[in-house]
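Sequence positions in the sequence shown follow mature numbering (1 follows the signal peptide of the UniProt record, and there is no 0) and run -27 to -1, 1 to 453. Everything below concerns the one structure shown next.
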Amino acid sequence: MITTHCSLQLLGSIAALCVCDLSPAQCDINCCCDPDCSSVDFSVFSTCSVPVVTGDSQFCSQKAAIYSLNFTANPPQRIFKLVDQINPSIFCIRNTNYKPALSFINTEVPDENNFDKLMKTSDGFSLNAESDVSFPSKLDAPHTAKYEYGARLQTSDSFLRFPSPLTSSLCTDNNPAAFLMNQAVKCTRAINLEECEKIEALGMAYYSGPEILRVPNSRTKVPITVKSIIIQSLNKTLTRLENTTILQPALITAGPVRLCSNVVLEVKYSLTYTDTGEVTKADLSFLLGTVSSVVVPLQQKFEIHFIQQNTKPVPLSGNPGYVVGLPLAAGGYPFWCYRGAVPCWLVAQKVESLLKGQGFPDHVAPFGNSRAQDALDWVPIHFVTQSHNMKDSCQLPVALVIEVKWTKYGSLLNPQARVVNVTANLISSSFPEPNAGNEKIILISTMVTFVDVSAPAEAGFRAPPAINARLPFDFFFPFV
């Protein structure tokens, strides 16, 4: 390693350096850098004997003076260029002076302490208790023919409302949805259970009713289509409805308990746009539930995602490290399955498919934002099979245990979660062959564990300098 610093005096002397200038006050033949040569002398030159003049070869980067002749000119002229050259014979280490690039940036989450500061740095918007609030913006100009990043999505009556928490955890319905800004928020709503049928924000029609303008100030409207409705019961079980009919909140009585059904718990917008800033499609998914007085105030979740037309979105689970609670990104390749004719094996394959589910992957992404095309970076899933063989028995899978080992990657100030190893352990057990017509109930289970394998942080110190000196072999001659 060589660390060097070039002085301005040295850089300026390269142009005046001429190694072929041997005769003082005379022009040396074919010496293009000789200051004593004129255009008359260049007419008898055949070439430049020294076309390139460089400085000290111990520098990582050095100035070079390049000389050539233009014989097409009359009289011939000398061409001079001063360029920078990188020395390929020296291994150089350059210091990184941009310290923020050495660590990942933590996203600043708004709270009561920094809310005023973030409001000053943002584009800003105005709030009003009235529903017909006006949002002055330069994007409202009648000549705007496309949505730009951050512009509020216009509807037939005003704008697309995206409830969000602002100064507190309570939902604010007058928050506009911004173009190309994916969001996922949670907020609470203080409600009176007896009046749940009258609260608009608890019904599906409040979110599916507006029509989005294709472009700002346009007459073309894009309707919001309900794609899926999932009902969540009081015991947290989920059921997907076959139809997408708009349901209204209903107040019911179950004995001494008053309940409100068909209440909106989660709303997910999926908007498709073109590269010209037009909204072409709007899909909506709901999670409805039954609310009792026990869960009041009510917590709602709202999400909005933008998908470019003719592209397949790839969901991320962090950027770059995994975020707690988000799914592991995984994938696999198609494979062939051999299905035997023995009834025991048919049952074993059926149980194994139930444990693994559809399209069980064989690779896991190391980071939450890993790209699918970087296949060599993905972590393979190691499959292990455990079985206990018994005579005249049938081996059936009973459990699938997945162990995910992860580590903290990057700077100690902001470490990122990285998956380093995944093991899928398929445990089988022996069951006696049932007689014809008999049935046997088998309990199967799945389990996932996450193991932190991060090594403890240790302070690093540079190695002490060592003296590597050798004496000449004849240093003690003639005594030895």
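Just so you know, even glycine gets a beta-carbon here, dropped at the ideal spot from N, CA and C. This structure is a prediction, so every number in the text was calculated from the model and none was measured.
Would you mind stating whether K159 and K274 have Cβ atoms separated by less than 8 Å?
In the sequence shown, residue 159 corresponds to position 186, counting from 1. In the sequence shown, residue 274 corresponds to position 301, counting from 1. Against a cut-off of 8 Å, the Cβ pair of K274 and K159 comes out as a contact.
Do the region 171 to 191 and the region 244 to 256 meet, that is, are 3 or more Cβ pairs less than 8 Å apart?
Taking a cut-off of 8 Å for Cβ pairs, the region 171 to 191 and the region 244 to 256 touch, as three or more such pairs fall below it.
State the start and end residues of the unbroken alpha helix (DSSP H) segment that holds V13.
Within the sequence shown, numbered from 1, the residue matching residue 13 stands at position 40. Looking at the DSSP string, the run of the alpha helix (DSSP H) that includes V13 is S12 to F15.
Name the DSSP bridge partner or partners of V395?
As a first step, residue 395 must be located in the sequence shown, where it is residue number 422. Answer by DSSP bridge pairing, in chain order: I354 and V377.
Return the CA-CA distance between D113 and P189, expressed in angstroms with no decimal places.
The residue you call residue 113 lines up with position 140 of the sequence shown. The residue you call residue 189 lines up with position 216 of the sequence shown. Residue placement at D113 cannot be trusted, given a pLDDT of 42 that sits under 50; the coordinates are not used to answer.
Could you please give the first and the last residue of the uninterrupted alpha helix (DSSP H) stretch that includes residue 456?
In the structure displayed, the chain extends from -27 to 453; residue 456 sits before or after that span and is not available.
How would you write the range of the alpha helix (DSSP H) that K93 sits in, first residue to last?
In the sequence shown, counting from the first residue as 1, residue 93 sits at position 120. That run of the alpha helix (DSSP H) goes F88 to T94.
Just the C-alpha distance for P445 and P49, rounded to the nearest angstrom, thanks.
In the sequence shown, residue 445 corresponds to position 472, counting from 1. In the sequence shown, residue 49 corresponds to position 76, counting from 1. The straight-line gap from Cα to Cα measures roughly 57 Å.
Find out if the Cβ-Cβ distance for the pair V(-9), V23 is shorter than 8 Å.
As a working note, residue -9 is residue 19 in the sequence shown. As a working note, residue 23 is residue 50 in the sequence shown. A contact, by the Cβ cut-off of 8 Å.
Proximity of S201 and S258 at Cβ, strictly below 8 Å
If you number the sequence shown from 1, residue 201 lands on position 228. If you number the sequence shown from 1, residue 258 lands on position 285. Closer than 8 Å, so yes.
For L175, which of helix, strand or coil comes out of DSSP?
Locating residue 175 in the sequence shown gives position 202, counting from the first residue. L175 falls in the helix class under three-state DSSP.
Below 8 Å CB to CB, which residues in the same chain sit around S11 once its five sequence neighbours on both sides are set aside?
As a first step, residue 11 must be located in the sequence shown, where it is residue number 38. Taken in chain order, the residues that qualify are C(-1).
Consult DSSP for A321 and reduce its assignment to one of helix, strand or coil.
Taking the first residue of the sequence shown as 1, we reach residue 321 at position 348. DSSP places A321 in helix when its eight states are reduced to three.
Leaving out five residues on either side along the sequence, give the residues of the same chain with a beta carbon under 7 Å from the beta carbon of S427.
On the sequence shown, residue 427 is found 454 positions in, with the first residue counted as 1. Excluding sequence neighbours, S427 sits near T380 and K381.
Cβ-based neighbour list, Q128, same chain, cut-off 7 Å, excluding 5 preceding and 5 following
Residue mapping note: residue 128 aligns to position 155 of the sequence shown, counting from 1. The amino acid at residue 128 is misidentified as Gln; the sequence shows Thr. Taken in chain order, the residues that qualify are P183, E184, I185 and L186.
Here's a check: name, in chain order, each residue in its chain whose Cβ is nearer than 7 Å to the Cβ of L214, leaving out the five neighbours to either side.
On the sequence shown, residue 214 is found 241 positions in, with the first residue counted as 1. For L214, where only same-chain residues beyond five positions count, the Cβ hits under 7 Å are I202 and I204.
DSSP has D425 in a bridge; who is on the other side?
The count along the sequence shown starts at 1 and reaches residue 425 at position 452. The partner list for D425 (beta bridge, DSSP) reads W379.
So, is I(-26) buried or exposed, given that buried needs 16 or more other C-beta atoms within 10 angstroms?
Counting from one through the sequence shown, the residue named residue -26 turns up at place 2. With a pLDDT of only 39 at I(-26), under the threshold of 50, the placement of this residue in the model should not be trusted, and no figure is reported.
Rounded Cβ spacing between D146 and A174 (contact assumed at less than 8 Å)
In the sequence shown, the residue the question calls residue 146 occupies position 173. In the sequence shown, the residue the question calls residue 174 occupies position 201. At roughly 6 Å, the Cβ-Cβ gap stays under 8 Å, so D146 and A174 are in contact.
A223, DSSP secondary structure in three states:
Taking the first residue of the sequence shown as position 1, residue 223 is located at position 250. The three-state secondary structure of A223, taken from DSSP, is strand.
On the criterion of 16 or more Cβ atoms from any shown chain inside 10 Å, does V357 qualify as buried, or is it exposed?
Numbered from 1 along the sequence shown, position 384 holds the residue referred to as residue 357. Here V357 is exposed. Its C-beta has fewer than 16 other C-beta atoms within 10 Å.
Using the rule of at least 16 other Cβ atoms within 10 Å of the residue's Cβ for burial, across every protein chain shown, is L42 buried or exposed?
As a working mapping, residue 42 is identified with position 69 in the sequence shown. Label assigned to L42: buried.
Return the residue from the list C33, D84 and R51 that minimises the CA-CA distance to F64.
Position 91 of the sequence shown, counted from the start, is the residue given in the question as residue 64. Of the listed residues, the one whose Cα sits closest to F64 is C33.
In chain order, what are the residue ranges of uninterrupted beta strand (DSSP E) at least 3 long that sit wholly in the region 228 to 285?
230 to 246, 252 to 265 and 271 to 281
Nearest-angstrom Cα distance between V269 and E239?
Against the sequence shown, residue 269 aligns to sequence position 296. Against the sequence shown, residue 239 aligns to sequence position 266. Looking at the two C-alpha atoms, the distance is approximately 16 Å.
Just reading off the beta strand (DSSP E) that K36 is part of, what are its end residues?
In the sequence shown, residue 36 corresponds to position 63, counting from 1. According to the DSSP assignment, K36 belongs to the beta strand (DSSP E) that extends over S34 to N43.
Apart from the five residues just before and just after G176, which ones in its own chain have a Cβ nearer than 7 Å to its Cβ?
Counting from one through the sequence shown, the residue named residue 176 turns up at place 203. Q221, P222 and V237.
Check for me: the beta strand (DSSP E) holding L55 runs from which residue to which?
The sequence position of residue 55 within the sequence shown is 82, counting from 1. Residues Q50 to I59.
Counted within 10 angstroms of its Cβ, other Cβ atoms place D7 as buried (16 or more) or exposed:
Locating residue 7 in the sequence shown gives position 34, where the first residue counts as 1. With 16 or more other Cβ atoms within 10 Å, it is buried.
So, is I225 buried or exposed, given that buried needs 16 or more other C-beta atoms within 10 angstroms?
The residue you call residue 225 lines up with position 252 of the sequence shown. The residue is exposed, with fewer than 16 neighbouring Cβ atoms inside 10 Å.
First and last residue of the beta strand (DSSP E) that includes E184?
Within the sequence shown, numbered from 1, the residue matching residue 184 stands at position 211. Looking at the DSSP string, the run of the beta strand (DSSP E) that includes E184 is E184 to L186.
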